[in-house]
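Just so you know, the sequences run in chain order G and X. Under the numbering used here, think of the first position of the first sequence as 8, with each following residue one higher. Under the numbering used here, think of the first position of the second sequence as 8, with each following residue one higher. Here a beta-carbon is modelled for each residue, glycine too, at the ideal position from N, C-alpha and C. Here the structure is a predicted model, which is why all the values come from computation and not from measurement.
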Amino acid sequence: DLSITPEMLIKHPLQNRWAMWFFKSDKARDWCDNLRLVTTFDTVEDFWALYNHIQKASKLPSGCDYSVFKDGIQPKWEDDQNKRGGRWLINLNKQQRHTDLDNFWLETLLCLIGEAFDEQSDDICGAVVSIRTKGDKLGLWTRDCNRPDSIMKIGKTLKERLKIPPKIPLGYQAHTDAIVKTGSTVKNRYQV
Amino acid sequence: GKRQYDREFLLMLQSIPESC
Numbered sequence: 008d009l010s011i012t013p014e015m016l017i018k019h020p021l022q023n024r025w026a027m028w029f030f031k032s033d034k035a036r037d038w039c040d041n042l043r044l045v046t047t048f049d050t051v052e053d054f055w056a057l058y059n060h061i062q063k064a065s066k067l068p069s070g071c072d073y074s075v076f077k078d079g080i081q082p083k084w085e086d087d088q089n090k091r092g093g094r095w096l097i098n099l100n101k102q103q104r105h106t107d108l109d110n111f112w113l114e115t116l117l118c119l120i121g122e123a124f125d126e127q128s129d130d131i132c133g134a135v136v137s138i139r140t141k142g143d144k145l146g147l148w149t150r151d152c153n154r155p156d157s158i159m160k161i162g163k164t165l166k167e168r169l170k171i172p173p174k175i176p177l178g179y180q181a182h183t184d185a186i187v188k189t190g191s192t193v194k195n196r197y198q199v
Numbered sequence: 008g009k010r011q012y013d014r015e016f017l018l019m020l021q022s023i024p025e026s027c
């Protein structure tokens with residue numbers, strides 16, 4: 008008496024096709040040559056097959072990034088879909104690599120593929136997790152930094168889903184501000 | 008409508024082996 012239902016045989020399609028990228032810092036090569044497309048996926052099952060197969064973010068060496076973007080958008084500021092945009096940025100301290108990083112990254116991915124941002128989903132470009140000695144970073148990229156209502160809703164949802172305490176502020180930076188920064192800090196356009 | 012999946016449903020599908 009096999010109880011395999013048709014539902015179990017059909018993969019669950021995602022609203023968007025997503026591309027996973029891997030970046031490994033190698034100063035001997037151009038920045039672009041260090042960025043590689045891993046694969047694309049458009050079902051829940053294919054996402055898990057990929058996620059379960061690769062290293063956890065916390066186990067990557069310093070200087071590496073994982074990026075997951077909508078298919079057709081490169082994880083670069085210069086991409087047409089990104090150049091007017093910005094990112095919600097989470098800076099993690101060194102302890103948080105062991106306590107929060109992997110959870111934050113997975114939760115962010117589940118928000119992307121599950122379309123957790125509702126009507127704001129169209130504003131989402133992708134997300135990046137960066138492993139750095141001075142402190143890891145997680146960014147959620149949106150396509151237009153001049154859409155305050157949408158950006159604020161996205162920020163609130165992200166903060167809620169990651170269970171970041173209300174008293175810890177989360178900032179949104181425009182990519183253009185980050186490119187021309189003179190000091191070590193980039194001003195926040197928005198905050199939740 | 009959008010194909011939306013909540014986190015619990017997505018997490019449940021993680022544990023189903025690929026052969027299904």
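Check, Outcome
"Supposed contact pair K77 (chain G) and G133 (chain G) - C-beta distance, whole angstroms, cut 8 Å", "6 Å"
"Classification of W208 (chain G) by the beta-carbon crowding that lies within 10 angstroms, buried from 16 upward", "The question about residue 208 (chain G) has no answer here: the residues shown for chain G are numbered 8 through 199."
"Beta carbon of R10 (chain X) nearer than 9 Å to that of L21 (chain G)", "yes"
"Rounded separation between I17 (chain G) and D53 (chain G) - CA only", "12 Å"
"Outcome for T140 (chain G) when other beta-carbon atoms lying within 10 angstroms are tallied against a minimum of 16", "exposed"
"Interface flag, A64 (chain G) vs chain X, CB-CB below 9 Å", "no"
"Collapsed DSSP secondary structure at I186 (chain G) in the structure displayed", "helix"
"According to DSSP, residues forming a beta bridge with M208 (chain G)", "Summary: the structure shown does not reach residue 208 (chain G), with chain G confined to residues 8 through 199, and so no result is reported for it."
"Buried/exposed call for V135 (chain G), threshold 16 Cβ in 10 Å", "buried"
"N-terminal and C-terminal residue of the beta strand (DSSP E) that V135 (chain G) is part of", "131-137"
"Contact under 9 Å by Cβ, T115 (chain G) with R154 (chain G)", "no"
"Closer than 9 Å to chain X by CB, W55 (chain G)", "yes"
"Rounded C-alpha distance that separates Q198 (chain G) from R36 (chain G)", "36 Å"
"DSSP beta-bridge partners of Q180 (chain G)", "G:R94"
"N41 (chain G) versus G:G121, G:T12, G:P82, residue with shortest Cα-Cα distance", "G:P82"
"Chain X contact for N41 (chain G) (CB, 9 Å cutoff)", "no"
"Within 9 Å, strictly: CB atoms of S65 (chain G) and L108 (chain G)", "yes"
"Any C-beta of chain X under 9 Å from that of L145 (chain G)", "no"
"Buried versus exposed, by CB contacts within 10 Å (16 or more), R150 (chain G)", "buried"
"Opening and closing residue of the alpha helix (DSSP H) in which L5 (chain G) lies", "Since the first residue shown for chain G is 8 and the last is 199, residue 5 (chain G) is missing from the structure and cannot be characterised."
"Span separating the alpha-carbon of L17 (chain X) from that of T47 (chain G)", "18 Å"
"Test: A123 (chain G) CB closer than 9 Å to a CB of chain X", "yes"
"Coarse secondary structure for Q22 (chain G), derived from DSSP in three states", "strand"
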